[in-house]
Amino acid sequence: MHRTRVRIVADVLDANDTIARANNEDFEAAGVSVVNLMSAPGAGKTALLERALPHLGVRVGVLEGDVQGTLDAERLASLHVPVTQIQTDLGFGGECHLDANMVRAALPEVPLDELDLLVVENVGNLVCPAEFRIGEHRRAMVCSVAEGEDKPLKYPLMFRACELVLVNKIDLLPHLEYDLDLFLANLRTVNPACAHLLVSARTGEGVEAFRDWLRAAASPRTPARPPAVAPGVPEPAR
Ligand SMILES: Nc1nc2c(ncn2[C@@H]2O[C@H](COP(=O)(O)OP(=O)(O)OP(=O)(O)O)[C@@H](O)[C@H]2O)c(=O)[nH]1
Ligand SMILES: [Mg+2]
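Residues 2 to 239 in my numbering are what the sequence shown spells out, letter by letter.
Below, the structure is given as structure tokens:
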């Protein structure tokens, strides 16, 4: 019984990986670099994008993943960047993550010819998004200081799957009993190669460093360092 279930999960991930490779080929053909941005709900993905995308200096678009609604897409569209919404409630069973097939279904609506960089804001969830490649080149996550220092140890797959952790809401540090050094030690324990940036979408601190990272991600001349991948996580699609 247990073995059957494992087999089915492996098959699903294999099928996802095949579609992710097709997505990646389309991105490559269009010369678009793709960043998969993940986090727990409310960590500040949209708020950081609202801060960072203006003055980025590259042609950027957003693929917005939510279970329901268009609230984040509307926030980002007000920046006058092209935004395409995926609602997993519509035809995808209300999934708590984006997968390669959902992204593929949305691609006809994404103006790839007009972009250098596509940021995919994944559905807020600290587990499932890390399991599904979508054809991206780079994976980053936001972890806010309000979430506690223990999150890398409790959700290691997500932290291992990413090459950058944005430690957000640092403006709140004076009001919290949060041990930043302990969080960074926990991050090193699960993913020693992972970079991090201390940021605040509220004050703008660290946002220019995030812009620099996005600019480097957008440049086809900058070789992407392959993210550390946990056993069982499909390899990047290129
Ligand atoms: N104090 C403080 N609040 C922040 C910061 N960044 C985001 N917030 C607040 O945190 C809440 C959630 O931010 P969002 O940007 O919507 O978070 P998200 O990760 O996009 O959330 P989902 O898309 O629902 O997963 C909002 O009320 C933001 O104003 C920050 O740096 N400091
Ligand atoms: Mg959001």
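Just so it is clear, CB atoms sit at the ideal spot from N, CA and C, and this is done for glycine as well.
Check your understanding: Is DSSP giving E65 helix, strand or coil here?
Key -> By one-based count along the sequence shown, residue 65 stands at place 64. Strand.
Review point. Who does M142 pair with in a DSSP beta bridge?
Key: Here residue 142 is taken as the residue at index 141 of the sequence shown, counted from 1. M39 and V166.
Practice item. For K46, verify whether its CB is less than 6 angstroms away from any heavy atom of ligand 2. Key: The residue you call residue 46 lines up with position 45 of the sequence shown. Relative to the non-hydrogen atoms of ligand 2, the Cβ of K46 comes within a distance shorter than 6 angstroms of at least one.
Practice item. Let me know the secondary structure DSSP gives H176 once reduced to three states. Key: Against the sequence shown, residue 176 aligns to sequence position 175. Three-state DSSP puts H176 in a helix.
Check your understanding: Buried or exposed: which applies to L158, given that a residue is buried once 16 or more other Cβ atoms fall within 10 Å of its Cβ?
Key -> Along the sequence shown, one-based indexing puts residue 158 at 157. Of the other Cβ atoms in all chains shown, 16 or more fall within 10 Å of the Cβ of L158; this residue is therefore buried.
**Study point:** Which listed residue (T204, G92 and P55) has its alpha carbon closest to that of A78
**Key:** For the purposes of this step, residue 78 is taken as residue 77 along the sequence shown, with counting starting at 1. Measuring from the Cα of A78, the nearest candidate turns out to be P55.
**Study point:** Three-state secondary structure assigned by DSSP to V234
**Key:** Here residue 234 corresponds to residue number 233 of the sequence shown, with the count starting at 1. Interpretation of V234 is limited by its pLDDT of 49, a score under 50 that renders its predicted location unreliable; the figure taken from the coordinates is listed afterwards. DSSP places V234 outside both helix and strand once states are collapsed to three, so it counts as coil.
Check your understanding: Count the other CB atoms within 10 Å of the CB of P130; is the residue buried (16 or more) or exposed (fewer)?
Key -> Against the sequence shown, residue 130 aligns to sequence position 129. It counts as buried.
Exercise for review: From the DSSP output, in three-state form, read off E122 for me.
Suggested key: Your numbering for residue 122 matches position 121 in the sequence shown. Note: E122 maps to strand in three-state DSSP.
Check your understanding: Can you tell me whether DSSP reads I20 as helix, strand or coil?
Key -> Taking the sequence shown and counting its residues from 1, one reaches residue 20 at position 19. Of the three classes helix, strand and coil, the one that applies to I20 here is helix, per DSSP.
Point to revise | V61 to T85 span [Cα, whole Å] | key: Residue numbering aside, residue 61 sits at position 60 when the sequence shown is read from its first letter. Residue numbering aside, residue 85 sits at position 84 when the sequence shown is read from its first letter. Just so you know, the alpha carbons of V61 and T85 end up roughly 12 angstroms apart.
Review point. Per the contact definition of three or more C-beta pairs closer than 8 angstroms, is the segment 108-127 in contact with the segment 11-20?
Key: Not touching, per the Cβ criterion.
Check your understanding: What number of angstroms, rounded off, separates the C-alpha of P109 from the C-alpha of R52?
Key -> The sequence position of residue 109 within the sequence shown is 108, counting from 1. The sequence position of residue 52 within the sequence shown is 51, counting from 1. Between P109 and R52, the alpha-carbon positions lie close to 27 angstroms from each other.
Point to revise | Cα-Cα separation between A107 and T190, rounded to whole angstroms | key: Taking the first residue of the sequence shown as position 1, residue 107 is located at position 106. Taking the first residue of the sequence shown as position 1, residue 190 is located at position 189. Distance from the CA atom of A107 to the CA atom of T190, rounded to whole angstroms, is 37 angstroms.
Check your understanding: Taking just the CA atoms, how far does K155 sit from A162?
Key -> Here residue 162 refers to the residue found at position 161 when the sequence shown is read from its first residue. Here residue 155 refers to the residue found at position 154 when the sequence shown is read from its first residue. Each residue's Cα considered, the two are about 14 angstroms apart.
Point to revise | Coil, strand or helix - L50 by DSSP | key: By 1-based counting over the sequence shown, the position of residue 50 is 49. In the three-state reduction of the DSSP assignment, L50 falls in the helix class.
Exercise for review: Whole angstroms is fine: what's the gap from E137's alpha carbon to V36's?
Suggested key: By one-based count along the sequence shown, residue 137 stands at place 136. By one-based count along the sequence shown, residue 36 stands at place 35. Looking at the backbone, the Cα of E137 and that of V36 are separated by about 6 angstroms.
**Study point:** Residues of its chain near R8, where Cβ-Cβ distance is below 8 angstroms and the 5 sequence neighbours each way are ignored
**Key:** Indexing the sequence shown from 1 puts residue 8 at position 7. The answer is none, since no qualifying residue turns up.
Practice item. Return helix, strand or coil for T85, following the three-state DSSP convention. Key: Residue 85 sits at position 84 when you count from the first residue of the sequence shown. If DSSP states are grouped into helix, strand and coil, T85 belongs with the strands.
Exercise for review: Run the CB neighbour count on A141, radius 10 Å, all protein chains shown included, and call it buried at 16 or more, exposed below.
Suggested key: Residue numbering aside, residue 141 sits at position 140 when the sequence shown is read from its first letter. Around the beta carbon of A141, 16 or more other beta carbons lie within 10 angstroms, which makes this residue buried.
Check your understanding: When DSSP labels each residue in this structure, what does A11 get in the three-state scheme?
Key -> As a position in the sequence shown, residue 11 is number 10, starting the count at 1. Shown here, A11 sits in a helix according to DSSP, grouped into three states.
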